[in-house]
Amino acid sequence: MQEQELIPHLFRTEYRKIISVLCKLFGIEHIEIAEDIVSNTFLLAAETWGLKGLPQNPTAWLYTVSKNKAKDVLKHNAVFTQKIVPELTRTETTTPEVEIDLSSKNINDSQLQMMFAICHPCISKEAQVGLSLNILCGFGSDEIADAFISNRETIYKRLIRAKEKLKTEKVRIELPDSDEINNRLEAVLTTLYLLFSEGYYSTSQNTLLRKDLCIEAMRLNLLLVENEQTSSPAANALLSLMCFHSSRFDARINKNGDLVLYEDQDENLWNKELIKKGEDYLNCASSGTKLSKYHLEAAIAFWHTQKEDSAEKWESILQLYNRLLQLEYSPIAALNRTYALSKANGKEEAILEAEKLQLNDNHLYHSLLGNLYKDFDNKKAMDHLKVALTLAKTNQDKQIINRSIEQLINQS
Amino acid sequence: MEDFLLVFRRDHDGEQLQLSPEQMQSMMKPWQDWMGSLAAQNKLVDSGNRLASEGRVVKPNNVVTNGPYVETKEAIGGYIMIRANSIDEAAELSKGCPILAIGGNVEVRTVVPMD
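Taken in sequence, the protein lines are chains A and B. Per our numbering, residue 1 is the first one in the first sequence, and the count goes up by one each step. Per our numbering, residue 1001 is the first one in the second sequence, and the count goes up by one each step.
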């Protein structure tokens, strides 16, 4: 990895680990001190690595430096010596020295507990997701604003307010009791779902970064599934969904970083191991009585791992979308449902249904109509594709629409 | 947008049909496709419930009768809630209901909001 990419990469993977451990150690009321320590560590890394070259083990370097900084704070900060250290050392009478444990087990435990602390009902759902991205994943306000189509200032204020609220409520960083785990699990899953989507669907050309985000989401989800108390059917279903989707990660982007559509993908590039894992988690998800949207989405994703078209495949996908939409409406699910309808019930019915959706300012809506009208009414097909082209915002989307337009021209 | 209750009625034939899983499946599909269509238009408020044919009617003076069918020829088989701009639009949306294909009907009622 290039040196200029290494620090952002490590920031992405290590920042949140150290933060979780330090927060757990200091308590949520001193979250800023934990953040300062880790930020300063990375600042120091950027300065010294540039001058002296990379250390042999950069991650270990970060751990050591942040540990020392944390110990310094514990020694010199008056608040800490008077209030926190007695707390910390009270239980450990034999060793007055504070142990900062950055083992992977303690990192995992701290992160799992942190996930549930952040998803405390005293802060709004948006704040929970934002704060999770910030603390658990090391996202800055800019990136969060990007993900939520909001501006930096709004997000920044939201994060500050949320942190204040967690402090005044004295939220403890620990796994709550089983009833409370169930209450907060939905927010935790929403957060992971958004994090994964941000990586999978983001328009960023930085493939490495996007893959990192997906891996992060899966890693955090795995923590939930591996813990008996938090391994709910919905958590398994979500992980299954992520496995199925990420099995196509290498097939859906070509060497130039362009998106390759599902139909055009080389299925030899699909990761069989991840597909198998997805099936295993889906089996684990099938206990219990509550069918979550993750179950339905995972089942849809499962059918997409079968490249071969069959009547059974599209009828199943259609019915899954029918149920998904009854559970929760979203424009993208409505569009995908209509596509499945064209495959299962025929184009004629799908065109009638598509016209009812009236998602007129959505470029995907016009792309769908362009696709449905093709071979049926090529003039209408072209009109819709042209509207889609004017509505599309990213180059990637425009490229895909242009390809459809070319196909239509070559055909007639 | 207002909410509307759609009540599905059909003649109760008194017979309990024994359906094979395949028959059940083929009966379900038009319903699921129709409800999916409403949901895709973001006009489904509540998927409601299907009702069993068995019922009791409770009247004053401790009178309890079996089933509502003695007096109403058409039994309620289920209901859903939708949202629409007007009762006319709600009625238009009801035209796709599969109950119509088996001789039933849909009653469309405006929900009066409780303030």
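All C-beta atoms in this analysis are idealised placements derived from N, C-alpha and C, irrespective of residue type, glycine included.
Would you identify the three-state DSSP class for T230 (chain A), choosing helix, strand or coil?
Locating residue 230 (chain A) in the first sequence gives position 230, counting from the first residue. Residue state, collapsed to three classes: coil.
Which residues in the same chain have their Cβ closer than 7 Å to the Cβ of A217 (chain A), if we skip the five residues on either side of it in sequence?
Locating residue 217 (chain A) in the first sequence gives position 217, where the first residue counts as 1. Closer than 7 Å at the Cβ level, and outside the excluded window around A217 (chain A), lie L192, L195, F196, G199, M242.
Just to confirm, is the Cβ distance from H363 (chain A) to A392 (chain A) under 7 Å?
Within the first sequence, numbered from 1, the residue matching residue 363 (chain A) stands at position 363. Within the first sequence, numbered from 1, the residue matching residue 392 (chain A) stands at position 392. In contact: H363 (chain A) and A392 (chain A) (Cβ atoms closer than 7 Å).
Leaving aside the five residues before and after I28 (chain A) along the sequence, list all residues of the same chain whose C-beta is less than 7 Å from its C-beta, in chain order.
On the first sequence, residue 28 (chain A) is found 28 positions in, with the first residue counted as 1. Closer than 7 Å at Cβ, skipping near neighbours: A117, L166, K167, V171, I173.
Could you round the C-beta distance between Y15 (chain A) and V38 (chain A) to whole angstroms and report it? I think they count as a contact, below 8 Å.
On the first sequence, position 15 is the one that residue 15 (chain A) refers to. On the first sequence, position 38 is the one that residue 38 (chain A) refers to. Contact flag correct, Cβ pair sits at about 6 Å.
Using the rule of at least 16 other Cβ atoms within 10 Å of the residue's Cβ for burial, across every protein chain shown, is P1021 (chain B) buried or exposed?
Locating residue 1021 (chain B) in the second sequence gives position 21, where the first residue counts as 1. With fewer than 16 other Cβ atoms within 10 Å, it is exposed.
Quick check on the DSSP output: the beta strand (DSSP E) that includes L1123 (chain B) runs from which residue to which?
With chain B represented from 1001 up to 1115, any question about residue 1123 (chain B) goes unanswered, as that position is not in the structure.
Could you tell me whether the Cβ of Q1023 (chain B) comes closer than 7 Å to any Cβ of chain A?
Taking the second sequence and counting its residues from 1, the one referred to as residue 1023 (chain B) is at position 23. For Q1023 (chain B), the answer is no, since every Cβ of chain A falls outside 7 Å of its Cβ.
Mapping DSSP to helix, strand and coil, what is R219 (chain A)?
Walking along the first sequence from the start, residue 219 (chain A) turns up at place 219. In the structure shown, R219 (chain A) sits in a helix (DSSP, three-state: H, G or I).
Please identify the residue among A:T59, A:L324, A:R337, A:S231 whose C-alpha is closest to the C-alpha of W314 (chain A).
Taking the first sequence and counting its residues from 1, one reaches residue 314 (chain A) at position 314. For W314 (chain A), the nearest C-alpha among the options comes from A:R337.
Compare the C-beta of A340 (chain A) with all C-beta atoms of chain B and state if any pair is closer than 7 Å.
Start at 1 with the first residue of the first sequence, and residue 340 (chain A) comes out as number 340. Cβ-Cβ to chain B under 7 Å: no for A340 (chain A).
Does the separation of the CB atoms of I300 (chain A) and L327 (chain A) fall below 7 Å?
If you number the first sequence from 1, residue 300 (chain A) lands on position 300. If you number the first sequence from 1, residue 327 (chain A) lands on position 327. No, they are not a contact pair.
Check each candidate in A:L136, A:N182, A:L131 and name the one with the smallest Cα separation from R158 (chain A).
Taking the first residue of the first sequence as position 1, residue 158 (chain A) is located at position 158. Ranking A:L136, A:N182, A:L131 by Cα distance to R158 (chain A) puts A:L131 first.
Closer than 7 Å by beta-carbon distance: list the chain A residues that pair up with S1086 (chain B), in chain order.
What you label residue 1086 (chain B) is simply residue 86 of the second sequence in a count that begins at 1. In chain order: nothing, as chain A lies at least about 16 Å away.
Name the chain B residues whose beta carbon is nearer than 8 Å to that of L325 (chain A)?
Against the first sequence, residue 325 (chain A) aligns to sequence position 325. Correct list: G1036, A1039, A1040, L1044.
Buried or exposed: which applies to A311 (chain A), given that a residue is buried once 16 or more other Cβ atoms fall within 10 Å of its Cβ?
Translated into positions along the first sequence, residue 311 (chain A) becomes position 311. Counting Cβ neighbours within 10 Å, A311 (chain A) comes out exposed, since fewer than 16 surround it.
Please classify D109 (chain A): is it buried, with 16 or more other beta-carbons within 10 angstroms of its beta-carbon, or exposed?
To locate residue 109 (chain A), count along the first sequence from 1; it is residue 109. Its Cβ being crowded by 16 or more others within 10 Å, D109 (chain A) is buried.
Closer than 8 Å by beta-carbon distance: list the chain A residues that pair up with D1033 (chain B), in chain order.
Residue mapping note: residue 1033 (chain B) aligns to position 33 of the second sequence, counting from 1. Neighbours of D1033 (chain B) on chain A, chain order: L318, N322, L341, N345.
Would you check if there are 3 or more beta carbon pairs closer than 8 Å linking the segment 1028 to 1047 of chain B to the segment 1075 to 1084 of chain B?
These segments touch.
Residues of the segment 210 to 242 of chain A in Cβ contact with chain B at a cutoff of 9 Å, in chain order, please.
If the cut-off is 9 Å between Cβ atoms, the segment 210 to 242 of chain A has nothing near chain B.
Contact check, R1056 (chain B) vs N1066 (chain B) under 8 Å by CB: the rounded distance?
Residue mapping note: residue 1056 (chain B) aligns to position 56 of the second sequence, counting from 1. Residue mapping note: residue 1066 (chain B) aligns to position 66 of the second sequence, counting from 1. Going by Cβ atoms, the distance from R1056 (chain B) to N1066 (chain B) rounds to 7 Å, so yes, they are a contact pair.
Rounded to whole angstroms, what is the Cα-Cα separation between D266 (chain A) and D309 (chain A)?
Along the first sequence, read from residue 1 onward, the residue named residue 266 (chain A) stands at position 266. Along the first sequence, read from residue 1 onward, the residue named residue 309 (chain A) stands at position 309. D266 (chain A) and D309 (chain A): Cα-Cα distance of roughly 15 Å.
Are three or more beta carbon pairs between the segment 49 to 61 of chain A and the segment 18 to 26 of chain A nearer than 8 Å?
They do not touch, by the three-pair rule.
Rounded to whole angstroms, what's the CA-CA distance from R152 (chain A) to E99 (chain A)? Just pull it up for me.
The residue labelled residue 152 (chain A) in the question sits at position 152 within the first sequence. The residue labelled residue 99 (chain A) in the question sits at position 99 within the first sequence. Distance between the alpha carbons of R152 (chain A) and E99 (chain A) is about 37 Å.
Bridge partners for R252 (chain A) per DSSP, in chain order?
As a first step, residue 252 (chain A) is located in the first sequence; it is residue number 252 there, counting from the start. According to DSSP, which records beta bridges pairwise, R252 (chain A) is partnered with nothing at all.
Is the CB-CB distance between W303 (chain A) and S316 (chain A) below 7 Å?
Working through the first sequence from its first residue, we reach residue 303 (chain A) at position 303. Working through the first sequence from its first residue, we reach residue 316 (chain A) at position 316. Going by C-beta atoms, W303 (chain A) is nearer than 7 Å to S316 (chain A).
List the residues of chain A whose Cβ lies closer than 7 Å to the Cβ of H1047 (chain B), in chain order.
Taking the first residue of the second sequence as 1, we reach residue 1047 (chain B) at position 47. Reading the sequence as shown, one finds Ser at residue 1047 (chain B) and not His. Ordered by position in chain A, the residues that pass the 7 Å Cβ test against S1047 (chain B) are Q326.
Label L1038 (chain B) either buried or exposed according to how many other C-beta atoms from any shown protein chain fall within 10 Å of its C-beta, with 16 as the threshold for buried.
In the second sequence, residue 1038 (chain B) corresponds to position 38, counting from 1. It is buried - the Cβ of L1038 (chain B) has at least 16 other Cβ atoms within 10 Å.
Which residues share a DSSP beta bridge with R1050 (chain B)?
For the purposes of this step, residue 1050 (chain B) is taken as the residue at position 50 of the second sequence. Its beta-bridge partners are B:G1078.
Using a C-beta cutoff of 7 Å, does A334 (chain A) count as contacting chain B?
In the first sequence, the residue the question calls residue 334 (chain A) occupies position 334. Yes - at least one Cβ of chain B is within 7 Å of the one on A334 (chain A).
In chain B, which residues lie with their C-beta within 8 Å of the C-beta of E353 (chain A)?
The sequence position of residue 353 (chain A) within the first sequence is 353, counting from 1. Within 8 Å Cβ-Cβ: S1037, A1040.
Checking 7 Å against the spacing of the C-beta atoms, do S232 (chain A) and L185 (chain A) come in under that value?
As a first step, residue 232 (chain A) is located in the first sequence; it is residue number 232 there, counting from the start. As a first step, residue 185 (chain A) is located in the first sequence; it is residue number 185 there, counting from the start. Their beta carbons are under 7 Å apart, which means S232 (chain A) touches L185 (chain A) by this criterion.
Taking the continuous alpha helix (DSSP H) assigned at R172 (chain A), which residues delimit it?
Walking along the first sequence from the start, residue 172 (chain A) turns up at place 172. That residue, R172 (chain A), is in no alpha helix (DSSP H); it is neither H nor E in DSSP.
Would you tell me roughly how many angstroms separate the C-alpha atoms of L136 (chain A) and E35 (chain A), rounded to the nearest one?
Locating residue 136 (chain A) in the first sequence gives position 136, counting from the first residue. Locating residue 35 (chain A) in the first sequence gives position 35, counting from the first residue. Rounded to whole angstroms, L136 (chain A) to E35 (chain A) spans 12 Å at the Cα level.
Quick check on L291 (chain A): does DSSP put it in helix, strand or coil?
Counting from one through the first sequence, the residue named residue 291 (chain A) turns up at place 291. Residue state, collapsed to three classes: coil.
Report yes if the C-beta distance between I33 (chain A) and S66 (chain A) is below 7 Å; otherwise report no.
Mapped onto the first sequence, residue 33 (chain A) falls at position 33. Mapped onto the first sequence, residue 66 (chain A) falls at position 66. No.
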